[in-house]
């Protein structure tokens with residue numbers, strides 16, 4: 010079982026900060042006094058927080074020549090995320106680590122699975138992730154993959170199985186909220202409360218987006234708009250806040266070209282932009298087809 014799934018008090022604060030999206034808080038925590046096992050687990054989150062903050066190249070440089078397998082996995086993942094030029098070598102490094110340590114290292118399993126998902130190799134990702142031995146991060150990614158393929162029942166089964174042994178852990182709570190958001194009204198409300206409780210009165214952009222999605226599912230549009238506005242005040246370039254703000258604007262019939270432009274600057278190929286573009290193209294084709302059949 011990985012240390013994050015054991016509910017270690019020493020790791021509680023850094024894990025809470027990372028999974029609520031407060032990456033600067035992760036970097037501010039002093040981990041020098043942690044025991045050796047927990048220190049590696051904490052450093053993994055520190056380096057992943059840097060990647061989230063756009064500092065992947067720094068992570069690659071810092072971890073050059075590192076011996077620990079978990080940190081090697083983080084280095085390979087960082088390299089993969091840099092993009093053109095480094096992406097191919099990062100992918101190869103990830104595959105080599107999976108071949109050597111995919112059966113017994115939860116960080117290799119999780120980050121390797123994540124890279125496979127990004128490469129569109131979901132089946133390979135599941136095969137790797139299912140080798141885990143009590144890793145809530147691996148379970149959370151398995152749940153995400155099932156939800157991506159609309160296998161809500163399978164995702165729910167993963168959550169129910171993990172409930173038998175999982176601690177009251179933020180990784181598990183988030184995965185449970187994702188499944189709740191794909192079920193019914195009562196579960197939507199449960200998901201909202203999970204996101205609300207995560208930050209203990211100090212909301213982050215990530216927790217606000219989660220609350221907003223729950224409110225959208227409940228049809229409570231003004232509340233969702235307010236939460237998304239607050240999220241963008243905290244993080245103006247947050248991809249999920251921007252994409253959900255676009256969705257909210259489409260629902261309410263409001264102009265969203267500025268939001269779309271901002272999201273394009275952050276990630277040109279974001280799924281929301283691709284989806285809107287595809288639907289616009291389809292609408293134009295249908296309009297053209299039927300306009301020819303209408304007499305002038």
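Numbering (our numbering), first residue to last: 10 to 305.
Backbone N, C-alpha and C fix where the C-beta goes; we use that ideal spot for every residue, glycine too.
The structure presented is a predicted model; accordingly, all values stated were derived computationally and were not measured.
In this structure, residue 227 lies away from residue 192, with their beta-carbon atoms at least 8 Å apart. Per DSSP, residue 130 lies in no alpha helix (DSSP H) and is assigned neither H nor E.
Taking C-beta separations shorter than 8 Å and ignoring five residues to either side along the sequence, the partners of residue 280 in its chain run 252, following chain order. Rounded to the nearest whole angstrom, the C-alpha separation of residue 98 and residue 150 is 23 Å. In the DSSP assignment, residue 93 falls outside any alpha helix (DSSP H) and carries neither an H nor an E. Residue 119 counts as buried, since at least 16 other C-beta atoms from the protein chains shown sit within 10 angstroms of its C-beta. Residue state for residue 81 is assigned as helix, using DSSP reduced to three classes. In this structure, residue 219 sits near residue 186, with a CB-CB distance shorter than 8 Å. The continuous stretches of alpha helix (DSSP H) do not include residue 212, and DSSP gives it neither H nor E. Within the stretch 234-280, the alpha helix (DSSP H) runs of at least 4 residues that lie entirely inside it are, in chain order, 248-261, 266-275.
Under the three-state reduction of DSSP, residue 40 is assigned to coil, being neither helix nor strand.
In terms of Cα proximity to residue 41, the closest of 52, 31, 32 is 52. In terms of Cβ geometry, residue 224 and residue 236 form a close pair [threshold 8 Å]. Scanning its chain for C-beta atoms nearer than 6 Å, with the 5 sequence neighbours on each side dropped, one finds around residue 72 the residues 80, 84, in chain order. The DSSP-derived three-state label of residue 172 is helix. Within 10 angstroms of the beta-carbon of residue 261 lie fewer than 16 other beta-carbons, which makes it exposed. Cβ-Cβ distances below 7 Å link residue 89 to 96, 99, 100, 103, 124 in the same chain, with the five nearest sequence neighbours on each side left out; the list follows chain order.
Counting the other CB atoms within 10 Å of its CB gives residue 254 a total of 16 or more, which places it among the buried residues. Counting every other CB atom within 10 Å of its CB across the protein chains shown gives residue 159 a total below 16, marking it as exposed. The continuous alpha helix (DSSP H) containing residue 205 extends over residues 194-207.
Taking C-beta atoms as the reference points, residue 148 and residue 162 fail to come closer than 8 Å.
In the structure shown, residue 57 falls within a helical segment according to DSSP collapsed to helix, strand and coil. The alpha-carbon separation between residue 64 and residue 170 amounts to approximately 36 Å.
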